[in-house]
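**Q**
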Amino acid sequence: MDQHTPESPRTRGLQMARSMCWHCQSAVTGEYFCERCVKVQPVSKETDYFTCLGFPRRLTLDQKKLEAKFYELSRTFHPDFYQTKSSAEQTISLGNAAVLNTAYRTLRDPIQRAEYLLCLEAGSVKNIRTSPPADLFEEILELQDTLEAYRSSDRDSQKGRELRVALETEQRALDQRKQEMEAQLQRLFTEWDQLQDRGEATSQARAERDRLLKQMRDLLSNRTYVTSIVNDLAATIA
Amino acid sequence: MAYSNKVVDHFNNPRNMGSFKKDEDGVGTGMVGAPECGDVMKLQIKVQNDTIVDAKFKTFGCGSAIASSSLATEWLKGKTIEEAQQIKNTDIVQELNLPPVKIHCSVLAEDAIKAALADYQKKTEEQTPSTK
């Protein structure tokens, strides 16, 4: 995945205060342009994708608004509008357009958005990784054996047909499970947003925050495992 | 990038594929996964007199993950517990010529070895009550 992990999420919010226009050296107060000399400003490396697209750090967001903002900024930074500008401005606008594309691609997908938020909030995903789901792993490995048996069987034989029926049943069950996981994730997303909106700094709120991050981490991981075997299954019986 | 010949060989002729019963005496089980790519690896060792006499694996994942775990079981056989602890993912990378994008597969295999050893040690401690 090409999403970048900001080195220090703690510095967010500060980048505007200490940034200076690269051209006229005055303090930059505007979003992407210097208000004094109207030159385009580079998106700071520390700017997270939410800030980049002007959205709060939430897991439920309005897709239409996100798209509209993306198109608006895409036009703003489009290289065509910088053809007559200095090469410095051309480079900056091109860099901004690239960051913007990645930001939009990451945020428009709810799962990628959540993975990204976990990176921002937890620093490193590894820190909140829990023990692997052994039961799920056993199931996946067992299913893989069945898939292997099906691949090496004569599809038109009695055995091949039986295996196929078993795999189709398994596929429905797994699809169902994936949907349940996604519904559960959606509930956690809502809980997370509500917690953020309340903005409490109590120890309870912190414990709640950690619980939500951990649960989201586990569910996202488990969803990846299930997706991976489901794709393999679908490709095998297609 | 194409797989190296060694990866292809392990992929086509995986060594020691299968599993032991988890509760069998002397068996240690390591179960690990890579949430980034969805790969799952199970690696088991059978230990007698502090020496790994047999090892088996089952892996759901890409060719490199399968080759890494297959190679790991080959290396584990005949090693003492202490020697097995020394196996590093970089050894696997080197032996299989894994490209940078596949290094995480070797990390997964090292994690699986460590998990299997830890599981075995936990089991033996529980079985032999402290003599102190």
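First to last, the protein sequences are chains C and U. Quick note, the first sequence lines up with residues 0 to 237 if you use numbering that gives the first Met the number 0. Quick note, the second sequence lines up with residues 0 to 131 if you use numbering that gives the first Met the number 0. Virtual Cβ for every residue (Gly too), placed ideally from N, Cα, C.
#1: Who pairs with VAL26 of chain U in a beta bridge, going by DSSP?
#2: When the Cα atoms are used, what is the spatial distance from ALA111 of chain U to LEU60 of chain C?
#3: Below 8 angstroms on the Cβ atoms is my contact criterion, and I expect SER67 of chain U with LEU95 of chain U to pass it. Report the Cβ-Cβ distance as a whole number of Å.
#4: If you follow the alpha helix (DSSP H) that THR101 of chain C is in, where does it begin and where does it stop?
#5: Taking just the CA atoms, how far does ALA148 of chain C sit from ARG160 of chain C?
#6: Look at SER57 of chain U and LEU140 of chain C and say whether their C-beta atoms are less than 9 angstroms apart.
#7: Can you find a C-beta in chain C that's less than 9 angstroms from the C-beta of GLY37 of chain U?
#8: Would you kindly work out how many angstroms separate the C-alpha atoms of ARG186 of chain C and GLU114 of chain C, rounded to a whole number?
#9: Should ILE80 of chain U and ALA108 of chain U be called a contact, given that it needs their Cβ atoms to be closer than 9 angstroms?
#10: Taking 7 angstroms as the limit between beta carbons, can you name the residues of its chain near GLY25 of chain U, skipping five residues before and five after?
#11: Give me, in chain order, the residues of the same chain whose beta-carbon lies closer than 6 angstroms to that of LEU99 of chain C; leave out the 5 immediate sequence neighbours on both sides.
#12: Measure the beta-carbon distance from GLN170 of chain C to LEU232 of chain C and round it to whole angstroms, keeping in mind my assumption that it falls under 8 angstroms.
#13: By the DSSP assignment, the beta strand (DSSP E) with ALA54 of chain U in it spans what residues?
#14: Are at least three pairs of beta-carbons, each pair with one atom in the stretch 194–208 of chain C and one in the stretch 68–86 of chain C, less than 8 angstroms apart?
#15: Taking only beta carbons into account, state which residues of the stretch 139–152 of chain C come closer than 7 angstroms to chain U, listed in chain order.
#16: Could you name the residues of chain C that GLY32 of chain U contacts, counting a contact when the two beta carbons are closer than 7 angstroms?
#17: Would you check if the distance between the CB atom of ILE51 of chain U and the CB atom of LYS87 of chain U is smaller than 9 angstroms?
#18: Tell me ASP38 of chain U's beta-bridge partners as DSSP assigns them.
#19: Is VAL42 of chain C helix, strand or coil by DSSP?
#20: Could you check whether the Cβ of PHE59 of chain U sits closer than 9 angstroms to any Cβ belonging to chain C?
#21: Are any of the Cβ atoms in chain U nearer than 9 angstroms to that of LEU219 of chain C?
#22: Are the C-beta atoms of ASP231 of chain C and some chain U residue less than 9 angstroms apart?
#23: Contact between the stretch 4–21 of chain U and the stretch 211–218 of chain C: three or more CB pairs below 8 angstroms?
#24: Quick one: grab the DSSP three-state call for THR79 of chain U.
#25: Name the chain C residues whose beta carbon is nearer than 7 angstroms to that of LYS41 of chain U?
#26: Please list the partners that SER202 of chain C has in chain U, where partner means a Cβ-to-Cβ separation under 8 angstroms.
#27: Quick one: what's got a C-beta closer than 8 angstroms to LEU116 of chain U's C-beta in the same chain, skipping five residues either side?
#28: How far does the alpha helix (DSSP H) with TYR70 of chain C in it extend, from its first residue to its last?
#29: How long is the line joining the alpha carbons of GLN93 of chain U and PRO131 of chain C, rounded to whole angstroms?
**A** On the basis of the supplied data:
#1: Against the second sequence, residue 26 of chain U aligns to sequence position 27. Note: VAL26 of chain U sits in a beta bridge opposite U:LYS45.
#2: One-based indexing of the second sequence puts residue 111 of chain U at position 112. One-based indexing of the first sequence puts residue 60 of chain C at position 61. Taking the straight line from one Cα to the other gives about 39 angstroms.
#3: Looking up residue 67 of chain U in the second sequence gives position 68. Looking up residue 95 of chain U in the second sequence gives position 96. The Cβ separation is near 7 angstroms, so the contact holds.
#4: As a first step, residue 101 of chain C is located in the first sequence; it is residue number 102 there, counting from the start. 86–107 is the extent of the alpha helix (DSSP H) around THR101 of chain C.
#5: Within the first sequence, residue 160 of chain C is the residue found at index 161, counting from 1. Within the first sequence, residue 148 of chain C is the residue found at index 149, counting from 1. Each residue's Cα considered, the two are about 12 angstroms apart.
#6: Residue numbering aside, residue 57 of chain U sits at position 58 when the second sequence is read from its first letter. Residue numbering aside, residue 140 of chain C sits at position 141 when the first sequence is read from its first letter. In the sequence as presented, Ser is not what sits at residue 57 of chain U; that position holds Lys. In this structure, LEU140 of chain C lies closer than 9 angstroms to LYS57 of chain U by Cβ.
#7: One-based indexing of the second sequence puts residue 37 of chain U at position 38. Answer yes: the Cβ-Cβ gap between GLY37 of chain U and chain C drops below 9 angstroms somewhere.
#8: Locating residue 186 of chain C in the first sequence gives position 187, where the first residue counts as 1. Locating residue 114 of chain C in the first sequence gives position 115, where the first residue counts as 1. One C-alpha to the other measures close to 16 angstroms.
#9: Within the second sequence, the letter at position 81 stands for residue 80 of chain U. Within the second sequence, the letter at position 109 stands for residue 108 of chain U. For ILE80 of chain U and ALA108 of chain U, no; Cβs fall outside 9 angstroms.
#10: Position 26 of the second sequence, counted from the start, is the residue given in the question as residue 25 of chain U. Once the five neighbours on either side are set aside, the close Cβ partners of GLY25 of chain U are LYS45, VAL46, GLN47.
#11: Mapped onto the first sequence, residue 99 of chain C falls at position 100. Cβ within range, chain order: LEU72.
#12: To locate residue 170 of chain C, count along the first sequence from 1; it is residue 171. To locate residue 232 of chain C, count along the first sequence from 1; it is residue 233. Between LEU232 of chain C and GLN170 of chain C the Cβ distance is about 5 angstroms, and since that is below 8 angstroms, they are a contact.
#13: On the second sequence, residue 54 of chain U is found 55 positions in, with the first residue counted as 1. 50–59 is the extent of the beta strand (DSSP E) around ALA54 of chain U.
#14: no
#15: ILE139, LEU140, GLN143
#16: Within the second sequence, numbered from 1, the residue matching residue 32 of chain U stands at position 33. Simply PRO131, PHE136, TYR224.
#17: Position 52 of the second sequence holds residue 51 of chain U. Position 88 of the second sequence holds residue 87 of chain U. No.
#18: The sequence position of residue 38 of chain U within the second sequence is 39, counting from 1. Paired residues: U:ALA33.
#19: Looking up residue 42 of chain C in the first sequence gives position 43. Here VAL42 of chain C sits in coil by DSSP.
#20: Mapped onto the second sequence, residue 59 of chain U falls at position 60. Chain C, which has a Cβ nearer than 9 angstroms to the Cβ of PHE59 of chain U, makes this yes.
#21: Within the first sequence, numbered from 1, the residue matching residue 219 of chain C stands at position 220. Interface residue, yes.
#22: Here residue 231 of chain C corresponds to residue number 232 of the first sequence, with the count starting at 1. For ASP231 of chain C, the answer is yes, since a Cβ of chain U falls inside 9 angstroms of its Cβ.
#23: no
#24: For the purposes of this step, residue 79 of chain U is taken as residue 80 along the second sequence, with counting starting at 1. If DSSP states are grouped into helix, strand and coil, THR79 of chain U belongs with the strands.
#25: Start at 1 with the first residue of the second sequence, and residue 41 of chain U comes out as number 42. Simply PHE136, LEU140.
#26: The count along the first sequence starts at 1 and reaches residue 202 of chain C at position 203. Simply none; closest approach about 29 angstroms.
#27: The residue labelled residue 116 of chain U in the question sits at position 117 within the second sequence. Excluding positions up to five away in sequence, the list reads GLY27, GLY29, ILE44, ILE80, ALA83, GLN84.
#28: The count along the first sequence starts at 1 and reaches residue 70 of chain C at position 71. Start and end: 62–76.
#29: As a position in the second sequence, residue 93 of chain U is number 94, starting the count at 1. As a position in the first sequence, residue 131 of chain C is number 132, starting the count at 1. When rounded, the distance between both Cα atoms is 27 angstroms.
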